[in-house]
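**Q** Got a structure here, written out as structure tokens. Questions coming.
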Amino acid sequence: MSGIKRPTAPALGHSRPLSRGIEPSVVHTSRGPSDLDAIYEGQAPGFTYSREGHANASALAAMIDEMEGVTGGIAVSSGMAAVSAAALSVLKAGDHLLGGDQLYGRSLRMMTQELPRLGIETSVFDPTEVATARAALRPNTKAILVEVVSNPTLRVADMEGLAALAREAGLILIVDNTFTTPRGFAPYDHGADMVIHSVTKLLAGHSDAMLGYVSARDSDVAARLRGVAITWGLTPSPFDCWLAERGMLSFDLRLERATATAAALADALAAHPGVSRVLYPGRADHPDHARAKALLGTRMGNMVSFEIPGGRDAAEALAMRCSLAFAPTLGDVATTLSHAASSSHRGLTPEGRAALGMGEGFFRVSVGIEPAEEVIAALTDAMP
Ligand SMILES: *Cc1c(COP(=O)(O)O)cnc(C)c1O
Numbered sequence: 084m085s086g087i088k089r090p091t092a093p094a095l096g097h098s099r100p101l102s103r104g105i106e107p108s109v110v111h112t113s114r115g116p117s118d119l120d121a122i123y124e125g126q127a128p129g130f131t132y133s134r135e136g137h138a139n140a141s142a143l144a145a146m147i148d149e150m151e152g153v154t155g156g157i158a159v160s161s162g163m164a165a166v167s168a169a170a171l172s173v174l175k176a177g178d179h180l181l182g183g184d185q186l187y188g189r190s191l192r193m194m195t196q197e198l199p200r201l202g203i204e205t206s207v208f209d210p211t212e213v214a215t216a217r218a219a220l221r222p223n224t225k226a227i228l229v230e231v232v233s234n235p236t237l238r239v240a241d242m243e244g245l246a247a248l249a250r251e252a253g254l255i256l257i258v259d260n261t262f263t264t265p266r267g268f269a270p271y272d273h274g275a276d277m278v279i280h281s282v283t284k285l286l287a288g289h290s291d292a293m294l295g296y297v298s299a300r301d302s303d304v305a306a307r308l309r310g311v312a313i314t315w316g317l318t319p320s321p322f323d324c325w326l327a328e329r330g331m332l333s334f335d336l337r338l339e340r341a342t343a344t345a346a347a348l349a350d351a352l353a354a355h356p357g358v359s360r361v362l363y364p365g366r367a368d369h370p371d372h373a374r375a376k377a378l379l380g381t382r383m384g385n386m387v388s389f390e391i392p393g394g395r396d397a398a399e400a401l402a403m404r405c406s407l408a409f410a411p412t413l414g415d416v417a418t419t420l421s422h423a424a425s426s427s428h429r430g431l432t433p434e435g436r437a438a439l440g441m442g443e444g445f446f447r448v449s450v451g452i453e454p455a456e457e458v459i460a461a462l463t464d465a466m467p
């Protein structure tokens, strides 16, 4: 693993800015038709109209490509734009998409509400049990969409089993690597064909840029992705790309700190009498601990989930008393607390949530970079 390098900014005379500028121009001029032809055909470097691509997007995509060990990935306007680009580039009417049953809520909504309108069949399976994927295969199954660690129950997918199944059945394995990050899990070394990120989260890390990234191992699929993103208008803003590039320079430090604090927080919560259950893949009591160790090594991530007894009233009291930001997102420099029943899983019935082991007292913590003692005290001091 090599460190994150700052992309080289274009030279200005005999000097070069150390950090890249923001290039908001919607259009670039060129000398004439032959130059423009060459740029459009990819035979000469340069840009045309910024929906087709711009310098800030290229720089950001190249940084993530380097981390994922691939080339030709693209930056798009959000994580969901990345999921959309992946789906729209490899699926057509009559195909079947198999998705993890605990995917990001909007990805699930895409599967239930949007793709079927385009004539694409979808169904879900339990990614911790590869047999459920095998049982759900149809003759027209084209792709599998999976997240390595589920939100917020932090279950770990059987990535080896799924990669073997995808290979055997000739399916495209699409991995949303947002939660695990390129440092926690290397999808392309584990059989993935496409990788998605919500750059909005840990990679950019400061809750001020909304962006996505998607890449493909196969260069034809990568070209399709690029075409889909341009035609469907999924282009990111230069300013957001610039913010993300800046944020990513500290990604490794942030992840290291947040991961260490998350492990300490999980242990502190598990020892607290007011907590009925703690979920952290790095703890021996996690149902997928062995698999987490095999897939993630020591990079168990910055997410910790826990449950307190006492229903909605106790949950309300905890959130109100806790000094952490109560916010339905993850990956910020600050630690944030979220509550599945009122945010990510509000679309489910109480019975549906209960089936996932998510009662009214279920919280998820996205650990940030504050000192560990502060994060632990913020939660333990607020316990009923
Ligand atoms: C947030 C998230 C997305 C969507 O990303 P946006 O940038 O919010 O559109 C997709 N997948 C996962 C796992 C996420 O956490």
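Using the working numbering, the first residue of the sequence shown is number 84, and each one after it goes up by one. Don't be surprised by glycine CBs; every beta carbon is placed ideally from N, CA and C. From a predicted model like this one, the values you see are computed outputs, not experimental measurements.
For residue 376, name the three-state secondary structure that DSSP assigns.
**A** Sequence index remark: in the sequence shown, residue 376 carries index 293 (1-based). Helix at residue 376.
**Q** In terms of residues, what are the limits of the alpha helix (DSSP H) holding residue 230?
**A** Along the sequence shown, one-based indexing puts residue 230 at 147. Per DSSP, residue 230 belongs to no alpha helix (DSSP H); it is in the beta strand (DSSP E), 224-230.
**Q** Can you tell me which of 116, 86 and 157 puts its alpha carbon nearest to the alpha carbon of residue 310?
**A** For this step, residue 310 is matched to residue 227 along the sequence shown. The shortest Cα separation from residue 310 among 116, 86 and 157 belongs to 157.
**Q** Within 10 angstroms of its Cβ, does residue 109 collect 16 or more other Cβ (buried), or is it exposed?
**A** Position 26 of the sequence shown holds residue 109. With fewer than 16 other Cβ atoms within 10 Å, it is exposed.
**Q** Determine which residues share a DSSP beta bridge with residue 360 and list them.
**A** Taking the sequence shown and counting its residues from 1, the one referred to as residue 360 is at position 277. Partner(s): 390.
**Q** Looking at C-alpha atoms only, which residue of 89, 461, 234 and 153 is the closest neighbour of residue 411?
**A** Here residue 411 is taken as the residue at index 328 of the sequence shown, counted from 1. When each option's Cα is compared against that of residue 411, the closest is 234.
**Q** Going by beta carbon distance, what residues of the same chain come within less than 8 Å of residue 131, once the five residues before and after it are set aside?
**A** On the sequence shown, residue 131 is found 48 positions in, with the first residue counted as 1. Counting only Cβ-Cβ distances below 8 Å, and skipping sequence neighbours, we find 110, 111, 113, 119, 122 and 123.
**Q** Going by the beta-carbon positions, is the gap between residue 455 and residue 347 smaller than 8 Å?
**A** Sequence index remark: in the sequence shown, residue 455 carries index 372 (1-based). Sequence index remark: in the sequence shown, residue 347 carries index 264 (1-based). Closer than 8 Å, so yes.
**Q** Kindly confirm or deny that the region 353-367 and the region 314-334 touch, where touching means at least three C-beta pairs closer than 8 Å.
**A** No, they do not touch.
**Q** Just to confirm, does residue 262 get its C-beta within under 7 Å of one of the non-hydrogen atoms of ligand 1?
**A** Position 179 of the sequence shown, counting from 1, holds the residue named residue 262. Residue 262 Cβ: within cutoff of ligand 1.
**Q** In the DSSP assignment, the alpha helix (DSSP H) including residue 201 goes from what residue to what residue?
**A** Against the sequence shown, residue 201 aligns to sequence position 118. Careful: residue 201 lies outside any alpha helix (DSSP H) and carries neither H nor E.
**Q** Specify whether the region 291-306 and the region 320-337 touch according to this definition: at least 3 beta carbon pairs, one from each stretch, less than 8 Å apart.
**A** Enough Cβ pairs lie closer than 8 Å, so yes.
**Q** Quick test of your reading: residue 470 and residue 184, contact by CB under 8 Å. State the CB separation rounded to the nearest angstrom.
**A** No answer is possible for residue 470: the residues shown for the chain start at 84 and end at 467.
**Q** Report the residue from 189, 104, 98 and 274 whose alpha carbon sits nearest the alpha carbon of residue 430.
**A** Here the question's residue 430 lines up with position 347 in the sequence shown. It is 189 whose Cα lies nearest to the Cα of residue 430.
**Q** Give the secondary structure of residue 322 by DSSP, where H, G and I count as helix, E and B as strand, and everything else as coil.
**A** As a working note, residue 322 is residue 239 in the sequence shown. Helix.
**Q** DSSP three-state call for residue 269: helix, strand or coil?
**A** Position 186 of the sequence shown, counted from the start, is the residue given in the question as residue 269. Correct three-state label for residue 269: coil.
**Q** Quick check on this structure: which residue in 222, 334, 388 and 101 has the alpha carbon closest to the alpha carbon of residue 178?
**A** In the sequence shown, counting from the first residue as 1, residue 178 sits at position 95. The shortest Cα separation from residue 178 among 222, 334, 388 and 101 belongs to 222.
**Q** Ignoring anything shorter than 3 residues, give me the beta strand (DSSP E) runs that lie fully in the region 139-165, in order along the chain.
**A** Qualifying beta strand (DSSP E) stretches, in chain order: 157-159.
**Q** Nearest to residue 356 by CA position, among 193, 462, 297 and 442, is which residue?
**A** Start at 1 with the first residue of the sequence shown, and residue 356 comes out as number 273. The shortest Cα separation from residue 356 among 193, 462, 297 and 442 belongs to 462.
**Q** Which of the three DSSP states, helix, strand or coil, is assigned to residue 437?
**A** As a first step, residue 437 is located in the sequence shown; it is residue number 354 there, counting from the start. Helix.
**Q** Taking the Cβ atom as the reference point for each residue, do residue 385 and residue 427 lie within a distance shorter than 8 Å?
**A** The residue you call residue 385 lines up with position 302 of the sequence shown. The residue you call residue 427 lines up with position 344 of the sequence shown. The answer is no: Cβ separation not under 8 Å.
**Q** With respect to 7 Å, is the separation between the Cβ of residue 413 and the closest non-hydrogen atom of ligand 1 below this value?
**A** Along the sequence shown, read from residue 1 onward, the residue named residue 413 stands at position 330. Indeed, a heavy atom of ligand 1 lies less than 7 Å from the Cβ.
**Q** Consider the C-beta atom of residue 283 and the heavy atoms of ligand 1; say whether any pair is separated by less than 7 Å.
**A** One-based indexing of the sequence shown puts residue 283 at position 200. Yes, the beta carbon of residue 283 sits closer than 7 Å to at least one heavy atom of ligand 1.
**Q** In three-state terms, what does DSSP make of residue 256?
**A** Counting from one through the sequence shown, the residue named residue 256 turns up at place 173. Of the three classes helix, strand and coil, the one that applies to residue 256 here is strand, per DSSP.
**Q** Runs of 3 residues minimum, wholly inside the region 292-352: which ones carry the beta strand (DSSP E) assignment?
**A** With a minimum length of 3 residues, the continuous beta strand (DSSP E) runs that stay inside the region 292-352 are 295-299.
**Q** Let me confirm a value: residue 97 is counted as buried when at least 16 other C-beta atoms fall within 10 Å, else exposed. Which label applies?
**A** Along the sequence shown, one-based indexing puts residue 97 at 14. Label assigned to residue 97: exposed.
**Q** Which residues bound the alpha helix (DSSP H) around residue 215?
**A** What you label residue 215 is simply residue 132 of the sequence shown in a count that begins at 1. Residue 215 -> alpha helix (DSSP H) spans 213-219.
**Q** Which term fits residue 302, buried or exposed, when burial requires 16 or more other beta carbons within 10 angstroms of its beta carbon?
**A** Mapped onto the sequence shown, residue 302 falls at position 219. Under this definition residue 302 is an exposed residue.
**Q** So, with DSSP's three-state summary, where would you put residue 277?
**A** In the sequence shown, counting from the first residue as 1, residue 277 sits at position 194. Three-state DSSP puts residue 277 in a strand.
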